[in-house]
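Quick note on our numbering: the sequence shown kicks off at 303 and runs consecutively.
Note that beta-carbon positions come from the ideal geometry of N, C-alpha and C, so glycine has one too.
Predicted, not measured: the structure shown is a model, and the values here were computed from it.
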Amino acid sequence: MSQPLPDNSSLPALVPDPAALPASVIERRSFLTRLGAGVAAFSAAMGIAQPAGAQSAQGGFRPARYPQDDWFDEVPGKHRFFFDATTPNGAGEAITFASNYYVASKAGYGLEPKDLAVVICLRHWATPFAFSDEVWAKYGAMMAERIKFNDPKTQAPPTVNVYQADDYGMLIPSRGTTLDAMIARGTHFAICDMATRAFSGIIAAKTKSKPEDIYQELKASAIKNAHFMSAGIVAVNRAQERGYSLQYIG
């Protein structure tokens, strides 16, 4: 014979009625809600970076893609690193830090250069170091005057690209590591086209030449693995949108 179903009316509800909660519990929940909102607002105001996934989930942001930036994805490697140089010394320090990254990745993780996608950005006053010895022999004095840089051996304007020379050692921030040595490891370079045009104008004015002719000469002399971006600061942005970690050198 079946038993009558129990009367559950006297059992406590599984989800408590908020009106029945103690005031201390309600206040604690309200505080946590306000705290979460405050942290989010503070992060936004201070420009604190969020993980890419978090940004996408919260705002649905996806950067636009342009074919002229696709070369960032074509640099092979399991890890991506972008070194941003804006000064003569910064160009050499970027070489040193990037070289250290290769060495430490090998020592600590057994990674080879082919496992690392490394890009050095030469922009602003670092831009002329993307050009050949021939350009420095012809226009070194004009470029050096603008960027306030002298050959540490002669204390005169350089007549060679010092970061391509292998006999400066500790006299320069690259500590003897050359651009060619970095290229041999697979390093690529983002070159500021805006600065290249600016230097072309400076040289053209001093040599009574056409700026476009000088510009084409500079571009043709660029180091291997060079990619001219509309501006170096654009390269900084696009590299991060393509998944590169950023190290600003100066």
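For this session: Using 10 angstroms around the beta-carbon of Y403, count the other beta-carbons present and answer buried if the total reaches 16, otherwise exposed.
Result: Here residue 403 refers to the residue found at position 101 of the sequence shown. Buried, because 16 or more other Cβ atoms sit within 10 Å of the Cβ of Y403.
For this session: State buried or exposed for G412, treating a residue as buried only when at least 16 other CB atoms are found within 10 Å of its CB.
Result: Mapped onto the sequence shown, residue 412 falls at position 110. Flag for G412 reads exposed.
Exercise. What are the partner residues of I422, as DSSP defines its beta bridges?
Worked result: Along the sequence shown, one-based indexing puts residue 422 at 120. Paired residue(s): F385, F491.
Problem set entry | Q549, DSSP secondary structure in three states | Here residue 549 is taken as the residue at index 247 of the sequence shown, counted from 1. In the three-state reduction of the DSSP assignment, Q549 falls in the strand class.
Exercise. Out of curiosity, what's the CA-to-CA distance linking F451 and P390?
Worked result: Taking the sequence shown and counting its residues from 1, the one referred to as residue 451 is at position 149. Taking the sequence shown and counting its residues from 1, the one referred to as residue 390 is at position 88. C-alpha of F451 to C-alpha of P390: approximately 7 angstroms in a straight line.
For this session: Report the rounded CA-to-CA distance for L418 versus Y517, giving the unit in angstroms.
Result: Residue 418 sits at position 116 when you count from the first residue of the sequence shown. Residue 517 sits at position 215 when you count from the first residue of the sequence shown. Those two C-alpha atoms are separated by around 32 angstroms.
Exercise. For the beta strand (DSSP E) that A528 lies in, which residues bound it at each end?
Worked result: Position 226 of the sequence shown, counting from 1, holds the residue named residue 528. Note, A528: beta strand (DSSP E), 528-531.
For this session: Give a yes or no on whether the C-beta atoms belonging to A541 and F384 are separated by under 9 angstroms.
Result: Residue mapping note: residue 541 aligns to position 239 of the sequence shown, counting from 1. Residue mapping note: residue 384 aligns to position 82 of the sequence shown, counting from 1. Yes, they are a contact pair.
Exercise. Do three or more CB pairs link the segment 512-526 to the segment 471-479 at distances below 8 angstroms?
Worked result: Contact between the segment 512-526 and the segment 471-479 is not established, with fewer than three Cβ pairs separated by less than 8 angstroms.
For this session: Thinking C423 and V538 are a contact (beta carbons under 8 angstroms), I'd like their distance in whole angstroms, please.
Result: If you number the sequence shown from 1, residue 423 lands on position 121. If you number the sequence shown from 1, residue 538 lands on position 236. Confirmed, Cβ separation roughly 7 angstroms.
Problem set entry | Cut-off 6 angstroms between Cβ atoms - residues of its own chain near H529, not counting five sequence neighbours on either side | Start at 1 with the first residue of the sequence shown, and residue 529 comes out as number 227. Contacts found: W373, A492.
Problem set entry | Distance between beta carbons of I449 and V464, contact taken as under 8 angstroms | Here residue 464 refers to the residue found at position 162 of the sequence shown. Here residue 449 refers to the residue found at position 147 of the sequence shown. Under the criterion of beta carbons closer than 8 angstroms, V464 and I449 do not qualify as touching, at roughly 12 angstroms.
Problem set entry | As assigned by DSSP and simplified to three states, the class of F399 | On the sequence shown, residue 399 is found 97 positions in, with the first residue counted as 1. F399 carries a helical assignment under DSSP once its states are collapsed to helix, strand and coil.
Exercise. So the alpha helix (DSSP H) D435 belongs to, where does it begin and stop?
Worked result: One-based indexing of the sequence shown puts residue 435 at position 133. Where D435 is concerned, the enclosing alpha helix (DSSP H) stretches over 435-449.
Problem set entry | Classification of Y470 by the beta-carbon crowding that lies within 10 angstroms, buried from 16 upward | By one-based count along the sequence shown, residue 470 stands at place 168. Result: buried.
Problem set entry | Rounded separation between K510 and A439 - CA only | What you label residue 510 is simply residue 208 of the sequence shown in a count that begins at 1. What you label residue 439 is simply residue 137 of the sequence shown in a count that begins at 1. The alpha-carbon of K510 is positioned some 18 angstroms away from that of A439.
Exercise. Quick one: what's got a C-beta closer than 6 angstroms to P314's C-beta in the same chain, skipping five residues either side?
Worked result: Locating residue 314 in the sequence shown gives position 12, counting from the first residue. The predicted position of P314 is uncertain, since its pLDDT is 46 and thus under 50; no value can be drawn from it.
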